[in-house]
Amino acid sequence: MTMVRARVRGIYATALTARLLDAGHEVVDASPPIRRRFDAAFGTDPPDVRIETSGDRQGVGAHGAPDALDAVRGLLTDAGRDALAWPDPTPPGAVLDGEVTETLGGGAVVRLRTDDGDAEGYLPYGDVDARVETGDAVRVQVRESAAPWTDRRPELAGELRVGGDLVALEPGSGTRVDARDDEAARELSGMLDLLDLDPPDGWRAVWQPPAVDADTEALTAGLDAAVDAAEELRAAVESGEGCEADDAADGEWLAASDGEGDGAGLGVLDGRNRLRDAPLAAPNAGVWVWFGRESRFGLDDARRTATATMPGHHRVKAGSADASTGVDLAEALCDPAPDAEFPFAVVTDAFGPREGDALRIDHGKPDGRLITLGEGRVTGVDPDGTVAVEREMSGSGTYDGLGVDREAGDVAETSLKEGRWWYPTTYRGRDGTVRGTYVNVCTPVEVFPDAARYVDLHVDVVKLPDGTVERVDDDELDAAVAAGTVPEPLAEKARSVASALENAL
10 MTMVRARVRG
20 IYATALTARL
30 LDAGHEVVDA
40 SPPIRRRFDA
50 AFGTDPPDVR
60 IETSGDRQGV
70 GAHGAPDALD
80 AVRGLLTDAG
90 RDALAWPDPT
100 PPGAVLDGEV
110 TETLGGGAVV
120 RLRTDDGDAE
130 GYLPYGDVDA
140 RVETGDAVRV
150 QVRESAAPWT
160 DRRPELAGEL
170 RVGGDLVALE
180 PGSGTRVDAR
190 DDEAARELSG
200 MLDLLDLDPP
210 DGWRAVWQPP
220 AVDADTEALT
230 AGLDAAVDAA
240 EELRAAVESG
250 EGCEADDAAD
260 GEWLAASDGE
270 GDGAGLGVLD
280 GRNRLRDAPL
290 AAPNAGVWVW
300 FGRESRFGLD
310 DARRTATATM
320 PGHHRVKAGS
330 ADASTGVDLA
340 EALCDPAPDA
350 EFPFAVVTDA
360 FGPREGDALR
370 IDHGKPDGRL
380 ITLGEGRVTG
390 VDPDGTVAVE
400 REMSGSGTYD
410 GLGVDREAGD
420 VAETSLKEGR
430 WWYPTTYRGR
440 DGTVRGTYVN
450 VCTPVEVFPD
460 AARYVDLHVD
470 VVKLPDGTVE
480 RVDDDELDAA
490 VAAGTVPEPL
500 AEKARSVASA
510 LENAL
């Protein structure tokens, strides 16, 4: 087994730390709460993999060396049947070619060329030296990636930057300590001068806050690793320098570098450059993992081995920042019983949704996309976990699977029950006539304060206006299994649920 050094941050940090340590891996640069909860040694060496909670708290992104990422991926995806994973086509640090497709107020939208086809990124104007216009060919580096289920684009920059946790290198000269504590920053600067830890010519070293607590061996190793990575990355970006467009073979590209060793080669390309259809350099691999309700409760069990954990800890924290703070307070005041039921009624009373609130239906797809089916009004909240939502439909198109035209004034009545692997939507005409019922089979429903979330599992059951019951889209589920987007155990659960619904309806 490959031993991996991992850095973990976010609301899943304690649970994932427990799982990593149990598997024989090392956790480095641990936060103060993690250090308090575990009887373990936490080093300061640069990590092989960085695991961080997504901005919307629905899952995590893991990025690092490909071999190390492979070694820990299973720890993320086996938390429950509804943990789904997708490769990141734009991992941080990757250098990609692209074309500007749109200019906005603060930056440009760039269509990027990746191994898996096109992706979009966002290039702030302040992160590129030249003027950017629609149609420009650009060479950029990914600064920050984005989960596929969010509406954010990866953030890009027009110059190289390498490293991260202890020290980053960027074009320029000198050394800077990026720490909030001025006294600690001065002490670290003195230590760096004493150790003669200077970056190579053409690079500026930016030391990060964790470096303040690192020992001399870790500081030296961190700089050495960053220098090696920087030279490898720059060599990859500049490897096409000197090629002429007429002489370039398929797949080759022409560097925009001036060869001065100053980190040039990124930014807006001139007309001689040929865009490459794959990353010019990809020092990191990445994966995004969506946790469903079953997975969150599985992570609760792992967290419970280290500290007091209320039932539904991660489920509540994923709902909102306020709910996350409420969980911390509740666990600080009392020791929750591990066999207690998830307090759905208490959570919804405190944080929503409540009757009269607006609630979105966030319909996840097995390929990582998320589609909002619409926003409705909550018409009822039951303590058993059932939330009724009503939406007024437009008067165009037809209802999927039902073959019935939508008419203005139609109403969709949806019943969402927390933890259930399906939910029904009944469509009624203006006069109350039932126009059909569509039962969506999905991962266990979670009803958060602003949205109900799940991942659609393709196969569904419909009840037509004449009472006929039909099962639909089994072929789409089979195709998803073949494509690797739905694991077979999850597909079997979906088929079992669909069969039970057929019999019940």
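The sequence shown lines up with residues 10 to 514 when you count with our numbering. Virtual Cβ for every residue (Gly too), placed ideally from N, Cα, C. These numbers come from a predicted model, not from an experiment.
- One alpha carbon belongs to T62, the other to G68, and they sit about 6 Å apart.
- Under the three-state reduction of DSSP output, I43 falls in the helix class.
- Under the three-state reduction of DSSP, A513 is assigned to helix.
- Taken through DSSP and simplified to helix, strand or coil, S304 comes out as helix.
- Residue environment for N512: exposed (fewer than 16 other C-beta atoms within 10 angstroms of its C-beta).
- Residue pairing of Y432 in beta bridges, as defined by DSSP: N449.
- Across the structure, R444 and E416 are spaced so that their CA atoms are roughly 10 Å apart.
- Judged by pairs of C-beta atoms under 8 Å, the region 166-184 touches the region 195-208, as three or more such pairs exist.
- In the displayed model, H34 falls within coil according to three-state DSSP, outside both helix and strand.
- Around the beta carbon of R45, fewer than 16 other beta carbons sit within 10 angstroms, so the residue counts as exposed.
- Sequence-distant Cβ neighbours of D286 in its own chain, meaning closer than 6 Å and more than five residues away, are R122.
- V298 and D97 have their alpha carbons spaced roughly 10 Å apart.
- For D127, the beta-bridge partners assigned by DSSP are R122.
- Going by C-alpha positions, L84 is about 7 Å away from L29.
- Three or more Cβ pairs closer than 8 Å define a contact, and the region 148-160 meets that threshold against the region 85-105.
- Following the DSSP letters along the chain, one finds D371 inside the beta strand (DSSP E) bounded by residues 367-373.
- As for any alpha helix (DSSP H) of minimum length 4 sitting wholly inside the region 178-259, the runs are 191-204, 225-247, ordered along the chain.
- Rounded to the nearest angstrom, the gap between the Cα atoms of L132 and V506 is 45 Å.
- Residue W216 holds the alpha-carbon nearest to the alpha-carbon of T229 among E241, W216, L289.
- Counting only the Cα atoms, Y447 lies some 8 Å from D469.
- The beta carbon of S198 is closer than 7 Å to those of V186 in its chain, skipping five residues each way along the sequence.
- For the pair L78 and R378, the Cα-to-Cα distance works out to about 22 Å.
- Taking the C-beta atoms as reference points, H72 is found nearer than 8 Å to G295.
- Looking at the DSSP output, V171 sits in a beta bridge with L178.
- In the DSSP assignment, the residues bridged to P133 are G116.
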